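**Student:**
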Amino acid sequence: MTDLNALAALVDEAARTGTPIAQLTDAHPDLDATAGYAVQRLSIQRRLNRGERRIGIKMGLTSRAKMRQVGVEEVIWGRLTDAMRIGEGAELSLAGRVHPRVEPEIAFLLKKPLAGRVSPAEALAAVEAVAPAMEVIDSRYHNFKFNLADVVADNASSSGVVLGALRPAGTDIANLGMVMRIDGQPVQIGSSVAILGHPLRALVAAARLVAEAGETLSPGDIVLAGAATEAVPLRAGQHVRTEVQALGSVAFTVTGEAA
Ligand code: OOG
Ligand code: MG
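One rule links them: number in our numbering = place in the sequence shown (from 1) + 3.
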């Protein structure tokens with residue numbers, strides 16, 4: 004039997020030290036998504052034991068562009084902790100990261116619990132606010148290469164999250180232009196419609212998937228809807244800014260060197 008605790012310690016140490024590891028499925032070809040989520044839960048528990056606090060979840064691979072970029076065709080989710088938070092307009096250090104990338108996102112802030120099978124209207128009724136956001140992802144696997152079980156075990160590559168100013172929950176987010184710029188140059192251009200046809204569907208999927216794992220989304224939780232475009236590698240010195248039509252912009256500056 005595979006020792007899921009040992010695998011959790013492995014991915015946790017890789018993330019903590021910024022040291023890349025072999026795909027778990029190299030040594031454990033039978034590892035499936037269910038086992039991957041068990042490894043994720045155990046590895047995040049190690050962070051919570053070190054004093055980190057859960058702040059919400061992230062959805063991943065909710066757009067065709069993202070699925071194509073990483074070669075995994077399944078919507079996934081991961082857990083966010085306060086240690087991943089980047090202040091709006093603040094500096095992000097590459098230190099302790101392996102090969103970080105950035106991607107444009109939309110975030111929901113919840114005001115009510117949400118779990119199980121819900122309609123888009125029910126999901127919207129649980130939303131306190133929406134915000135433009137960016138996620139920094141950083142696969143702990145060599146060359147950013149993984150399959151479904153690997154990436155799920157690695158907490159869906161989560162590494163950092165930055166939110167812009169909160170907007171009213173009633174803002175129409177169905178089809179908003181999204182432009183991500185590095186040092187002023189557009190590096191990704193897309194639309195929120197790329198996120199499952201409507202970002203609210205990512206929240207619907209989030210409610211279903213956390214319930215399958217025996218969990219629930221809580222008031223105060225952040226839920227990232229998943230990137231609308233491919234992710235872009237980060238380098239020290241870059242200024243990264245994403246503008247989302249009707250929601251405004253969000254930015255950070257990159258310092259330091261990756262591990
Ligand atoms: C997996 C995480 C995907 C997104 O927004 O689609 C993700 C990865 O790309 O490494 O965060
Ligand atoms: Mg993402």
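The beta-carbon is built from N, C-alpha and C at its ideal position, and this holds for glycine as well.
Here the structure is a predicted model, which is why all the values come from computation and not from measurement.
If A210 sits next to A126, beta carbons under 8 Å apart, how far is it from one beta carbon to the other, in whole angstroms?
**Tutor:** Working through the sequence shown from its first residue, we reach residue 210 at position 207. Working through the sequence shown from its first residue, we reach residue 126 at position 123. Here A210 really is in contact with A126; their C-beta atoms are around 6 Å apart, less than 8 Å.
**Student:** Give the DSSP-derived three-state secondary structure of S122 in the structure shown.
**Tutor:** As a working note, residue 122 is residue 119 in the sequence shown. Three-state result, S122: coil.
**Student:** Can G167 be considered in contact with the ligand MG, in the sense that its beta carbon sits closer than 7 Å to one or more heavy atoms?
**Tutor:** Numbered from its first residue, the sequence shown carries residue 167 at position 164. Within the chosen limit of 7 Å, the ligand MG does not reach the beta carbon of G167 with any heavy atom.
**Student:** Can you tell me where the alpha helix (DSSP H) holding A98 begins and where it ends?
**Tutor:** In the sequence shown, the residue the question calls residue 98 occupies position 95. Counting along the chain, A98 falls outside any alpha helix (DSSP H), and DSSP gives it neither H nor E.
**Student:** Which residues does DSSP list as the beta-bridge partners of I24?
**Tutor:** Within the sequence shown, numbered from 1, the residue matching residue 24 stands at position 21. In the DSSP output, where bridge partners are listed per residue, I24 has Y144.
**Student:** Can you find a heavy atom of the ligand MG that lies under 7 Å from the Cβ of G74?
**Tutor:** Here residue 74 refers to the residue found at position 71 of the sequence shown. No; taking the cut-off as 7 Å, the Cβ of G74 has no heavy atom of the ligand MG nearer than that.
**Student:** For the stretch 128-194, which segments carrying the beta strand (DSSP E) assignment without a break, of at least 3 residues, lie completely within its bounds, in sequence order?
**Tutor:** 130-140, 161-166, 180-185 and 188-194
**Student:** What does DSSP give as the partner residue(s) for A110 in the beta ladder?
**Tutor:** Looking up residue 110 in the sequence shown gives position 107. Per DSSP, A134 and L227.
**Student:** Let me make sure I understand the geometry here. Which of V257, L250, G259 and E260 has the alpha-carbon closest to that of E108?
**Tutor:** To locate residue 108, count along the sequence shown from 1; it is residue 105. The residue from V257, L250, G259 and E260 with its alpha-carbon nearest to that of E108 is L250.
**Student:** Check for me: the beta strand (DSSP E) holding V234 runs from which residue to which?
**Tutor:** By one-based count along the sequence shown, residue 234 stands at place 231. Here the sequence assigns Ala to residue 234, which means Val is not the residue at that position. Note, A234: premise wrong, no beta strand (DSSP E); not H, not E.
**Student:** What first and last residue would you give for the beta strand (DSSP E) that runs through M62?
**Tutor:** By 1-based counting over the sequence shown, the position of residue 62 is 59. Here the beta strand (DSSP E) through M62 covers R57 to G63.
**Student:** Helix, strand or coil for S66, going by three-state DSSP, please let me know.
**Tutor:** One-based indexing of the sequence shown puts residue 66 at position 63. Residue state, collapsed to three classes: coil.
**Student:** What residue range does the beta strand (DSSP E) around E246 cover?
**Tutor:** Here residue 246 is taken as the residue at index 243 of the sequence shown, counted from 1. Element bounds for E246: H242 to V247.
**Student:** Here's a check: name, in chain order, each residue in its chain whose Cβ is nearer than 6 Å to the Cβ of A134, leaving out the five neighbours to either side.
**Tutor:** Numbered from 1 along the sequence shown, position 131 holds the residue referred to as residue 134. Excluding residues within five positions, the ones whose Cβ falls inside 6 Å are A110, L166, G167 and L169.
**Student:** Helix or strand or just coil, what does DSSP make of A254?
**Tutor:** In the sequence shown, residue 254 corresponds to position 251, counting from 1. Strand at A254.
**Student:** To the nearest angstrom, how far is it from the Cα of H201 to the Cα of S195?
**Tutor:** Position 198 of the sequence shown holds residue 201. Position 192 of the sequence shown holds residue 195. Looking at the two C-alpha atoms, the distance is approximately 7 Å.
**Student:** Measure the CB-CB distance between K69 and G240 and report whether it falls below 8 Å.
**Tutor:** Translated into the one-based positions of the sequence shown, residue 69 becomes position 66. Translated into the one-based positions of the sequence shown, residue 240 becomes position 237. Against a cut-off of 8 Å, the Cβ pair of G240 and K69 comes out as no contact.
**Student:** Can you pull the DSSP bridge partners for G92?
**Tutor:** Within the sequence shown, numbered from 1, the residue matching residue 92 stands at position 89. Partner(s): none; G92 has no beta bridge.
**Student:** Is I79 helix, strand or coil by DSSP?
**Tutor:** To locate residue 79, count along the sequence shown from 1; it is residue 76. Three-state DSSP puts I79 in a strand.
**Student:** Would you kindly report the start and end of the unbroken alpha helix (DSSP H) that includes A41?
**Tutor:** Counting from one through the sequence shown, the residue named residue 41 turns up at place 38. Element bounds for A41: A36 to N52.
**Student:** Counting along the chain, where does the alpha helix (DSSP H) carrying E260 start and finish?
**Tutor:** If you number the sequence shown from 1, residue 260 lands on position 257. Taken as a continuous stretch (DSSP letters only), E260 belongs to no alpha helix (DSSP H), as it is neither H nor E.
**Student:** Work out the CA separation of R143 and T20 for me, nearest whole Å.
**Tutor:** Walking along the sequence shown from the start, residue 20 turns up at place 17. Walking along the sequence shown from the start, residue 143 turns up at place 140. Their backbone Cα atoms lie some 10 Å apart in a straight line.
**Student:** Under a Cβ-count criterion, where at least 16 other Cβ atoms within 10 Å of its own Cβ denotes burial, should R244 be classed as buried or exposed?
**Tutor:** Start at 1 with the first residue of the sequence shown, and residue 244 comes out as number 241. Buried, since its Cβ has 16 or more Cβ neighbours within 10 Å.
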